[in-house]
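Enquirer: My questions will all concern the structure given below.
In this note's numbering, the protein residues as written are 599 to 759.
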């Protein structure tokens, strides 16, 4: 996560992005096969593509599903092109990864599907009661993140366009 956002950030500063960031932006991974397989096998209970930022799209999933999403930032795979910038991984867009929720009983089948499709799957958090998003540290403390991400209907200040 965050590789494509690193390219966008470089371009917005008038700089050429690192080759890894440019590649991540120009050729995002195709996760349609994974999404279709998860749906066909009824392994996912909810799914969203992460194109506007992990935090913002997680909030959309939480709101639509009526659940609370708890993200463990230490588990989020930060793309090497992001230079270790966790903020870019959480709030940057254009990654086009797939986030899904699933019942724990399906874990082994889901991991097998990931291996079959050569897709690295990473559990980055949990889902529970509520309807919000929080970042969770390893000790169970929750921090509510900012807006995080790109909202097509809001300007950068959070006002409607």
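Beta carbons are placed, not taken as given, at the ideal position from N, Cα and C, and that holds for glycine.
Predicted model, so just to flag it, every value in this text is computed and none were measured.
Would you be able to state if there are at least three C-beta pairs under 8 Å between the segment 705–716 and the segment 644–654?
Expert: Taking 8 Å as the limit for Cβ pairs, the verdict is that the segment 705–716 does not touch the segment 644–654.
Enquirer: Given a cut-off of 9 Å, decide if residue 601 and residue 674 are closer than it, judged by their beta-carbon atoms.
Expert: Not in contact: residue 674 and residue 601 (Cβ atoms no closer than 9 Å).
Enquirer: Is there contact here, the segment 601–613 with the segment 685–693, by at least three beta-carbon pairs under 8 Å?
Expert: Yes: the two stretches touch, three or more of their Cβ pairs being nearer than 8 Å.
Enquirer: Considering only residues of the same chain and omitting the five flanking positions on each side of residue 695, which have a CB-CB separation below 6 Å?
Expert: Around residue 695: 648.
Enquirer: From the DSSP output, in three-state form, read off residue 668 for me.
Expert: Residue 668: strand per DSSP, three-state reduction.
Enquirer: On the DSSP letters alone, give me the boundaries of the alpha helix (DSSP H) that residue 631 sits inside.
Expert: Its alpha helix (DSSP H) spans residues 630–638.
Enquirer: Please classify residue 656: is it buried, with 16 or more other beta-carbons within 10 angstroms of its beta-carbon, or exposed?
Expert: That one is buried.
Enquirer: With a 10 Å radius around its C-beta and 16 neighbouring C-beta atoms as the bar for buried, classify residue 738 as buried or exposed.
Expert: It is exposed - the Cβ of residue 738 has fewer than 16 other Cβ atoms within 10 Å.
Enquirer: Just to confirm, are residue 599 and residue 645 a CB contact at a threshold of 9 Å?
Expert: Contact flag unset, no.
Enquirer: According to DSSP, residue 698 sits in a beta bridge with which residue or residues?
Expert: Its beta-bridge partners are 645.
Enquirer: Quick one: Cα of residue 703 to Cα of residue 611, how far?
Expert: So the alpha carbons of these two residues sit roughly 46 Å apart.
Enquirer: Does the segment 653–669 come within contact of the segment 619–626, defined as at least 3 CB pairs closer than 8 Å?
Expert: Flag = no, the segment 653–669 and the segment 619–626 do not touch.
Enquirer: Would you mind stating whether residue 717 and residue 632 have Cβ atoms separated by less than 9 Å?
Expert: Yes; because the gap between Cβ atoms is below 9 Å, this pair is in contact.
Enquirer: By how many angstroms is the C-alpha of residue 666 removed from the C-alpha of residue 726?
Expert: Each residue's alpha carbon lies about 5 Å from the other.
Enquirer: Quick one, which of 616, 723 and 705 has its alpha-carbon nearest residue 672's?
Expert: Checking every option, the nearest Cα to that of residue 672 belongs to 723.
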